[in-house]
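Right, one structure below, let's go through it.
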Amino acid sequence: DAMVIQNPRYQVTQFGKPVTLSCSQTLNHNVMYWYQQKSSQAPKLLFHYYDKDFNNEADTPDNFQSRRPNTSFCFLDIRSPGLGDAAMYLCATSTTGTGYTYEQYFGPGTRLTVT
Amino acid sequence: AQSVAQPEDQVNVAEGNPLTVKCTYSVSGNPYLFWYVQYPNRGLQFLLKYITGDNLVKGSYGFEAEFNKSQTSFHLKKPSALVSDSALYFCAVRVFSGNTGKLIFGQGTTLQVKP
Chain X
638 DAMVIQNPRY
648 QVTQFGKPVT
658 LSCSQTLNHN
668 VMYWYQQKSS
678 QAPKLLFHYY
688 DKDFNNEADT
698 PDNFQSRRPN
708 TSFCFLDIRS
718 PGLGDAAMYL
728 CATSTTGTGY
738 TYEQYFGPGT
748 RLTVT
Chain D
1062 AQSVAQPEDQ
1072 VNVAEGNPLT
1082 VKCTYSVSGN
1092 PYLFWYVQYP
1102 NRGLQFLLKY
1112 ITGDNLVKGS
1122 YGFEAEFNKS
1132 QTSFHLKKPS
1142 ALVSDSALYF
1152 CAVRVFSGNT
1162 GKLIFGQGTT
1172 LQVKP
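The listed protein sequences derive, respectively, from chains X and D.
For the working numbering, add 637 to where a residue sits in the first sequence, where the first one is 1.
For the working numbering, add 1061 to where a residue sits in the second sequence, where the first one is 1.
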């Protein structure tokens, strides 16, 4: 089945130690999103890629970076995690091409713990 | 500013009874509206959407939603609730961002269905 995959599902990192979260998709969608979600709050968009074009949200801290080496993969890098960065990180995809249906498809999320 | 509001933090309903989860929106232009459901420690699952056409939209798992332009509402409904419907529900509106779109989410409503 076509899907959005996030690895790992649970990640523990130390305060200040860089961490990378991974997202891959088999949907061949051209848009990929990263969201941060804290304790059952609304997901907060960090940034998204439209193909290779990177779109950062104005209030996303510089501590958060992203890479998209190809259509299928997208990475979230947190350069120096703080305790406030502990959250669920959600990856999502959508397409603007053939079969454009507007909705986003979400992965299962990575729960990040910062110790 | 474009926004989505879910006025109820929690909705409680008995199994077998009808349920309604409320959503109102404020956008410029025609709204593209969505409902997502989230189970604990999982990503968001798409339920249904309104883009254009019939005001009553049917979605997954027996859910439906009614678009009301004059009241700027998009309430989620189900004729007969199941205990397994207990989850966190998000209403969202799509807004344009650069050369694609992004979702603005409501704050979420926890649905509790009691046996």
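Even for Gly, the Cβ is constructed at its ideal location relative to N, Cα and C.
Predicted, not measured: the structure shown is a model, and the values here were computed from it.
Interface residues of chain D around Asn665 of chain X at Cβ under 9 Å?
Near Asn665 of chain X there are no residues of chain D at all, since even the closest Cβ is about 16 Å away, more than 9 Å.
Within-8 Å CB hit, Thr1133 of chain D to chain X
no
Could you check which residue in X:Tyr670, X:Thr747 and X:Phe652 has the C-alpha nearest to that of Gln807 of chain X?
In the structure as shown, chain X starts at 638 and stops at 752, and residue 807 of chain X therefore has no counterpart that could be examined.
Hey, quick one: how far does the beta strand (DSSP E) through Lys1110 of chain D stretch, first residue to last?
Element bounds for Lys1110 of chain D: Leu1105 to Tyr1111.
Taking the CB atoms as reference points, tell me whether Leu749 of chain X and Asp722 of chain X lie closer together than 8 Å.
For Leu749 of chain X and Asp722 of chain X, yes; Cβs fall inside 8 Å.
Between Gln1173 of chain D and chain X, is any beta-carbon pair separated by less than 8 Å?
Residue contact check for Gln1173 of chain D against chain X: no CB pair falls below 8 Å.
Going along the chain, which residues of its own chain have a beta-carbon closer than 8 Å to the beta-carbon of Val1074 of chain D, five neighbours each way excluded?
Leu1080, Ala1142, Leu1172, Gln1173, Val1174 and Lys1175
The beta strand (DSSP E) spanning Tyr687 of chain X covers which residue range?
Lys681 to Tyr687
Buried versus exposed call for Pro1092 of chain D [16 or more other C-beta atoms within 10 Å across all chains shown]:
The residue is buried, with at least 16 neighbouring Cβ atoms inside 10 Å.
Does any C-beta atom of chain D lie closer than 8 Å to the C-beta of Tyr687 of chain X?
yes
Helix, strand or coil: which one does DSSP assign to Gly721 of chain X?
It is helical.
Classification of Thr738 of chain X by the beta-carbon crowding that lies within 10 angstroms, buried from 16 upward:
The residue is exposed, with fewer than 16 neighbouring Cβ atoms inside 10 Å.
Contact list for Leu727 of chain X against chain D, beta-carbon separation under 9 Å
Gly1104 and Leu1105
8 Å Cβ cutoff, Gln1168 of chain D in contact with chain X:
yes
Residue-level contact to chain A via CB, Phe743 of chain X, 8 Å cutoff:
The structure shown contains no chain A; the protein chains it does contain are X and D.
Quick check: Thr730 of chain X and Leu664 of chain X, are their CB atoms within less than 8 Å of each other?
With a cutoff of 8 Å on beta-carbon distance, Thr730 of chain X and Leu664 of chain X are scored as near each other.
When we look at the beta-carbon of Phe743 of chain X and count the other beta-carbons within 10 Å, is it buried (16 or more) or exposed?
buried
Buried or exposed, going by whether 16 or more other CB atoms sit within 10 Å of the CB of Asp696 of chain X?
Burial call: exposed.
Which residues mark the beginning and the end of the beta strand (DSSP E) in which Asn1129 of chain D is found?
Glu1125 to Asn1129
Looking only at its own chain, which residues have a Cβ that is under 6 Å from the Cβ of Leu1112 of chain D, when we skip the five neighbours before and after it?
According to the sequence provided, residue 1112 of chain D is Ile. The question's Leu does not apply to it. Cβ within range, chain order: Tyr1093.
Taking Cβ positions only, does Thr697 of chain X come closer than 8 Å to chain D?
no
If we count the other Cβ atoms within 10 Å of its Cβ and call it buried at 16 or more, is Phe1128 of chain D buried or exposed?
buried
According to DSSP, simplified to helix, strand and coil, what is Asp1146 of chain D?
helix
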